[in-house]
Each structure stands twice: as structure tokens, then as C-alpha cells.
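1186 is the number of the first residue of the sequence shown in the numbering used here; add one for each residue after it.
Glycine included, C-beta positions come from ideal geometry on N, C-alpha and C.
In this text the structure is predicted, and so the values were computed from the model without any measurement.
Read through the structure below, which is laid out as C-alpha cells, and then see the notes.
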Amino acid sequence: MVALHPVLRAGLVSGASMTAGDVMCQCIRAKAAGKDVRLNWRQSARFGLVGLTLHGPFFYNGFRWLDSQFGTAATLKKALIKTAAGQATLFPLYTTLFFSYMGLLEGLTPAQCVSKVRQAFPPTLVTGSVFWPTANIFNFMLVPPHLRVPYVNVAGLFWNAWLSYENSTKGRVGTAAGAAAGSK
């Protein structure tokens, strides 16, 4: 296997996982609605780009920062502290960046991106505050540092499907083109 820079590897794994999560969400939503699956590849490509350029590098460096601040989580107490620190710092920042970046990729204006974040951030934070602490305690206690981003991406496949749903429902804001047409 070709040796890749760890940030690039994290980005590639995250890009693939986020794309797969979005495709999974689109398939589930189509089947639940009794429709044929017609994938929106542009939407999936946006998720892949966010994974490659934001999620992978952000969490690679974020986990390194948590390790530098709290060390290895060899005990449940240390894993809980590390998880709480990540949940209080990394997760809200990433969630804000995610919805902002996704909005820009969707053609929203900066003001519309702010609306998107305001709409989608609270429910996403609540749901993530249930899902991620459990996944991260396991991550910090049992997963070696070099496998943390891949592990998070496996857990994240399901989270990314949820995030795709949140983005397309609670994070839905009129497009920049639609807003411009409506203001004439």
C-alpha cells in the first residue's frame, strides 16, 4: 500500500465515508417514500468534498489536540473527560463549519448560511450529543491513535446518513439563485 500523509489519508477516508453516508440517506429516504432511488450525485459530491477538505483534516488534528491535552484514555474516567472535552469543543465547532461550508457549496449567500446554521445546529447538536459520546468513549479507550479517524468514519457512516437528512430538512434554506429571483 502506498504511504500517504496522515492528513491526506484522513481526508480520503472521510470523503468516502461522507459520500457513502449521503448515498445511504438518499436510498433510505427514497425507499421510505415508496419511490425509485434516483441519486443526486452533486449532493453526494458535496458531502465527499466536505469529508476530504474539512472532516478528515479537522478530526485528525482535533484528536491529536485532545491527545496532547488529556493523554491516552486508559481508564473510563479519562475517556469520559476526553469525550466531554471533544463534545464541548470539537463537535460544536465542526457542526457550525459543516453547515456553513455545505451552504456555500449549495450556492447560499453568507447570510443564508447563517440561517442554515441557526436552523440545523440545535437539533444536530442534541442528536450528536447522544450518539457521539458513546462512540468516542469506545474510540478513546480501545482504538489506537492511528486508527481513530478510520473508526470514527465507520461510526460516522451512520452519522453521515443522519447529517445528510438534517442538512436536507432542518438545514434547508432557499438557494442564492432562488432568493435573488424572489427579490425581483
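- Pairing residue 1314 with residue 1302 gives a Cβ-Cβ distance that is not under 8 angstroms.
- The Cβ atoms of residue 1203 and residue 1243 lie no closer than 8 angstroms to each other.
- If you check the CB distance, residue 1241 and residue 1200 come in under 8 angstroms.
- Taken through DSSP and simplified to helix, strand or coil, residue 1328 comes out as coil.
- Taking the Cβ atoms as the reference, residue 1349 lies roughly 11 angstroms from residue 1212, outside the contact range of under 8 angstroms.
- For residue 1201, the enclosing alpha helix (DSSP H) stretches over residues 1191-1217.
- Burial check for residue 1226: the Cβ neighbour count within 10 Å stays below 16, so the residue is exposed.
- Proximity to residue 1306 across 1249, 1339 and 1356 peaks at 1356, based on C-alpha coordinates.
- Counting the other CB atoms within 10 Å of its CB gives residue 1275 a total of 16 or more, which places it among the buried residues.
- Residue 1254 is positioned such that its CB atom lies closer than 8 angstroms to that of residue 1270.
- Within the same chain, 1264 and 1268 come within 6 angstroms of residue 1322 by CB-CB distance, once the 5 residues on both sides are set aside.
- Proximity to residue 1346 across 1282, 1324 and 1316 peaks at 1316, based on C-alpha coordinates.
- Per DSSP, residue 1258 is not a residue of any alpha helix (DSSP H), being assigned neither H nor E.
- Cβ neighbours of residue 1335 within its own chain (closer than 8 angstroms, five residues either side excluded): 1198.
- Taking C-beta separations shorter than 7 angstroms and ignoring five residues to either side along the sequence, the partners of residue 1324 in its chain run 1333, 1336 and 1337, following chain order.
- Residue 1290 sits away from residue 1205, with the two beta carbons spaced by 8 angstroms or more.
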